[in-house]
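Here is the structure we will look at.
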Amino acid sequence: MREKLQPVFWILRRELIDQLRDWRILFPLIVLSFFFPISMTGIAQSIVGFISRYGAELVIQQLVPFTILAVGFFPSTIALTIALESIVGERERNTIEPLLATPLENWQIYLGKLLSGTVAPVMAVLFALSFYLFLVHRRDVPLPSPGLIAMLYWISVANTLMMISGATFISAQSTTIRSATLSSSFVLLPASFLVMAEANFLFWKDLLPLFWIVMAILLVTVAFLRLGLVYFERENLLGREIDTLNFRRYVRLFWRAFRGEARSVGEWYRYEVRRDLQQLRPALLIFLALFPVSLGLGVYVADTVIKPALETAAPPSIQTEGSSREELYQTLRRILPLSVSGSEEAPAIPLSMGFIFRHNLTSTIFVFFMGLVSLGTMGAFAYLLNIGLLGIVWRGLEWAQLSPLKLYLFGVAPHGIFEIPSMILSFATVFYMGVRLITPSGKPISTILIENLALWARLMVALIIPLLLIAAAVESSLTVFLLKAYLLSIK
Amino acid sequence: MIEAEALSKQFDSFWAVREVTFTVKMGEILALLGQNGAGKTTTIRMLNALLRPTRGRARIMGYDTVEQPEAVHRSVGMLTEQHSLYLRMNGYEYLEFYARLYGLHDPGERRRRITSLLEYFGLGQAASRRCGEYSKGMRQKLSLARALIHEPPVLLLDEPTSAMDPEAAQLVRQEILRLRSKNRAILISTHNLTEAEMLADRIAIIAEGRILATGTPQELKREVFGEAEYLLRFQSPWEGAITLPESVEVVERKPMEWRLRVPQPQTMLPLIWRGLLEQGAALLTLQEVPRSLEETYLAVMARARERGEIQ
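Chains A and B, in that order, give the protein sequences.
When you number the first sequence by this note's numbering, it's gap-free, plus one each residue, and the end is 522.
When you number the second sequence by this note's numbering, it's gap-free, plus one each residue, and the end is 728.
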């Protein structure tokens, strides 16, 4: 193995020599990792001074982690530039062919390139964070807890690694630096949203969600690495001269994949949809198995995180001990997704079939897009979150001295029989699409993407949408009726 | 040894190379002669296992280019059409990088090879200068040195002297001939007719991905224009007669010169010369009528167009 990794090291070494001799890389690296923390320290100190005058120490405590996140994020943006240029740049300068002509395997070249885009930016991020913490500490600005500092290091490095793995993949698939640069938004936009989400959790010092976010980012990074390795081929690098979008071909390909060999709707269901379900079987089994696991996780989170938090910070109405039946009823109104109006007769939210269906369909499409940008991984996380919420609510109902089993029986089961399978199917499809994308098949990535899209569309049309329609019809009529009857009976 | 059997390559709906077949033995140079876009580079890339053939197969030193690409890469020294280098590295570092990738792990051996190649190509003094400061010719020479760093038995040279000054081109040509003498199989692609004629033992004329004609320069000329023609000049007008062998054809007969088509010149020409002297003819010169490779190339292209093989 050591022998196999040696060429990776030689490529990395060569690239580092190149980078360290290029002032256009050195300059921003130095500015972002050295001067930016200095200026950020000045800003932080002046804000802290201003806030201290008003005695808002709590705000200071919340602000510092956020500035650390910013200090870690900006040097990582240089990673995008280096990684985006790493392969396509060589291609454009015509230096790639001699490299491809060496007796190296594809993965050795790709890994060498990926690491060469990683070392300098990650070092810059680590240096910037450490330097900033040192400066902040010297100026007597209160530092966050060691656990939060460690988490901030993890988040910054994970963000950088994800951007690099995504950008290197883009670089390998682009034909010109221009096209790679134009595609950079596919990395930059999700990364920016991610930082916003991280900042949100950071403000509340919520370490558990941050831990899961880091895990998800690392999973996406590994998925991108795998994707890059699968589609990095000498043939692709030298065989394509320009990026062409042949829409007519794509539409034909989509329609062929969507329809399959079927000649009628019956055949389509009998052969094509059935075959999809057979292919999806492992993914479906995984998601079915994850159901009790995430439910249990939800219960665990409710016990270990939410309960202590509620007991210390929540108003009396949602305390878990010694509440009256009326208070518990009010608690239930807060917890349940079905909010009942003051008159008890008409729901506060008009739970029409159309509204429910639109909401569920939007969620399904959102999961599809989440899965698309994260190679199926974020879809899986969304599933865990959804089922985990059911576990949390289950525990919440128990705290309210209500029977979760009965409530789920009246409030979830009637439409859940249709909605939950459609949800599992939708998540499993998105997950399977990601797996399919990172599994070598010999087909071009554009073909796999279109076939994936056709698969998703087929299952949506054939099963998911009909199930969601039935679920919405049941929920808007039977479930509302049963739940309302149950709520009135326990009042 | 280089073997290509019905090698074909399709990009989308476009066939870049079609049914290309040839063999290059050790110690032989084959020139792929054709205009830009004829399929020369694609053929070379397939031979070096950089592109997968759509149909057909190729072997380098017996290694299949699809099944054993790494063995193929070890056996081939490749000079690409664009002689681009890593401009921030110096000449020595550049060769060292490739020496390492080709598995030259022994530092002493690596240093020896790099130094000798740099010296041979006259780059010894420039070894510590960055490649970005090199002239075009120097870059070309360093690229060739890179192709030779692992002492490969097969060389694939794509436009080896394109855009070089005459002096540098001469040096590269000499080096190619020296490598042939060291029993290497060499394939060069070029659109330079003079270079092809100077270097190649055999020439394959390629257009629109097809090989239109293959052979030694002489064979190609014979194939296009028929048997070689010879011009016999007299010192003074001569009207005598001579019995010529049946296979020799007199194309034109004037008092001061004859134009003959001779099928086996090595044996026939001395007989004709002696016969004429015996008949008392005052002979001045006997020489082959020059037929350039350019004429041959153009004639091959015209013939292929006529036959509808190319557009």
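Even for Gly, the Cβ is constructed at its ideal location relative to N, Cα and C.
Contact list for residue i against chain A, beta-carbon separation under 7 Å
| i | result |
| --- | --- |
| residue 469 of chain B | 266 |
| residue 428 of chain B | 270 |
| residue 484 of chain B | Chain A residues near residue 484 of chain B: none, gap ~14 Å exceeds 7 Å. |
| residue 465 of chain B | 132 |
| residue 462 of chain B | 269 |
| residue 733 of chain B | Residue 733 of chain B lies beyond the residue range present for chain B, which begins at 418 and ends at 728; the question has no answer from this structure. |
Residue i versus residue j: straight-line alpha-carbon distance, rounded
| i | j | result |
| --- | --- | --- |
| residue 422 of chain B | residue 690 of chain B | 45 Å |
| residue 4 of chain A | residue 442 of chain A | Residue 4 of chain A falls outside the range modelled here, since chain A spans only 32 to 522, and no answer is possible. |
| residue 490 of chain B | residue 184 of chain A | 43 Å |
| residue 210 of chain A | residue 306 of chain A | 37 Å |
| residue 175 of chain A | residue 69 of chain A | 18 Å |
| residue 452 of chain B | residue 622 of chain B | 9 Å |
| residue 351 of chain A | residue 402 of chain A | Caution is warranted here: a pLDDT of 48 is assigned to residue 351 of chain A, below 50, making its placement in the model unreliable, and the coordinate value is therefore given only provisionally. Taking the straight line joining both Cα atoms gives about 37 Å. |
| residue 249 of chain A | residue 718 of chain B | 59 Å |
| residue 446 of chain A | residue 436 of chain A | 15 Å |
| residue 697 of chain B | residue 650 of chain B | 14 Å |
| residue 147 of chain A | residue 458 of chain A | 35 Å |
| residue 518 of chain A | residue 397 of chain A | 32 Å |
| residue 377 of chain A | residue 384 of chain A | Only weak support exists for where residue 377 of chain A lies, its pLDDT of 44 falling under 50; the value from the coordinates is given anyway. For residue 377 of chain A and residue 384 of chain A, the distance between alpha carbons rounds to 15 Å. |
| residue 372 of chain A | residue 382 of chain A | Interpretation of residue 372 of chain A is limited by its pLDDT of 42, a score under 50 that renders its predicted location unreliable; the figure taken from the coordinates is listed afterwards. Answer to the nearest angstrom: the Cα atoms are 12 Å apart. |
| residue 374 of chain A | residue 506 of chain A | Bear in mind that the predicted position of residue 374 of chain A carries a pLDDT of just 45, short of 50, making it unreliable; the figure below should be weighed with that in mind. Cα to Cα, residue 374 of chain A sits roughly 21 Å from residue 506 of chain A. |
| residue 609 of chain B | residue 34 of chain A | 43 Å |
| residue 263 of chain A | residue 134 of chain A | 15 Å |
| residue 648 of chain B | residue 581 of chain B | 37 Å |
| residue 604 of chain B | residue 477 of chain A | 36 Å |
| residue 511 of chain B | residue 159 of chain A | 33 Å |
| residue 310 of chain A | residue 129 of chain A | 41 Å |
Contacts of residue i in chain A (Cβ-Cβ under 9 Å)
| i | result |
| --- | --- |
| residue 515 of chain B | 129, 130 and 133 |
| residue 493 of chain B | 132 |
Element boundaries [beta strand (DSSP E), containing residue i]
| i | result |
| --- | --- |
| residue 307 of chain A | Here residue 307 of chain A belongs to no beta strand (DSSP E); instead the alpha helix (DSSP H) covers 305-332. |
| residue 606 of chain B | 602-607 |
| residue 542 of chain B | Note, residue 542 of chain B: premise wrong, no beta strand (DSSP E); not H, not E. |
| residue 426 of chain B | 419-428 |
| residue 649 of chain B | 646-651 |
| residue 493 of chain A | Element bounds for residue 493 of chain A: n/a, residue is neither H nor E. |
| residue 619 of chain B | 619-624 |
| residue 164 of chain A | Taken as a continuous stretch (DSSP letters only), residue 164 of chain A belongs to no beta strand (DSSP E), being part of the alpha helix (DSSP H) at 137-169. |
| residue 476 of chain B | 472-477 |
| residue 434 of chain B | 431-441 |
CB contact flag (residue i, residue j, <8 Å)
| i | j | result |
| --- | --- | --- |
| residue 461 of chain B | residue 606 of chain B | yes |
| residue 441 of chain B | residue 418 of chain B | yes |
| residue 93 of chain A | residue 172 of chain A | no |
| residue 155 of chain A | residue 50 of chain A | no |
| residue 277 of chain A | residue 226 of chain A | no |
| residue 132 of chain A | residue 467 of chain B | yes |
| residue 485 of chain A | residue 289 of chain A | yes |
| residue 618 of chain B | residue 513 of chain B | no |
Residues that residue i contacts on chain B, provided the C-beta gap is smaller than 8 Å
| i | result |
| --- | --- |
| residue 48 of chain A | 505, 506 and 510 |
| residue 126 of chain A | 501, 502 and 503 |
| residue 53 of chain A | 505 |
| residue 467 of chain A | What residue 467 of chain A touches in chain B: nothing, since even the nearest Cβ is about 22 Å away. |
Partner residues on chain B for residue i, Cβ-Cβ distance less than 7 Å
| i | result |
| --- | --- |
| residue 41 of chain A | 514, 517 and 518 |
| residue 38 of chain A | 518 |
Start-to-end residues for the alpha helix (DSSP H) that takes in residue i
| i | result |
| --- | --- |
| residue 675 of chain B | From DSSP, residue 675 of chain B is part of no alpha helix (DSSP H) but of the beta strand (DSSP E) over 674-678. |
| residue 457 of chain B | 457-464 |
| residue 199 of chain A | 177-204 |
| residue 120 of chain A | 119-123 |
| residue 667 of chain B | Not the alpha helix (DSSP H): residue 667 of chain B falls in the beta strand (DSSP E), residues 666-670. |
| residue 454 of chain A | 444-468 |
| residue 631 of chain B | That residue, residue 631 of chain B, is in no alpha helix (DSSP H); its beta strand (DSSP E) goes 627-632. |
| residue 557 of chain B | 553-565 |
Nearest-angstrom beta carbon gap, residue j and residue i [assumed within contact, 8 Å]
| i | j | result |
| --- | --- | --- |
| residue 435 of chain B | residue 722 of chain B | Actually they do not touch by this definition, with Cβ atoms about 16 Å apart. |
| residue 572 of chain B | residue 564 of chain B | 7 Å |
| residue 530 of chain B | residue 516 of chain B | 7 Å |
| residue 666 of chain B | residue 677 of chain B | 7 Å |
| residue 471 of chain B | residue 425 of chain B | 5 Å |
| residue 448 of chain B | residue 625 of chain B | Actually they do not touch by this definition, with Cβ atoms about 18 Å apart. |
| residue 457 of chain B | residue 575 of chain B | 7 Å |
Beta carbon proximity, residue i to chain E, threshold 8 Å
| i | result |
| --- | --- |
| residue 713 of chain B | Included in the structure are the protein chains A and B, with no chain E among them. |
Neighbouring residues, chain B, relative to residue i (Cβ below 9 Å)
| i | result |
| --- | --- |
| residue 489 of chain A | Correct list: empty, because the minimum Cβ distance to chain B is about 27 Å. |
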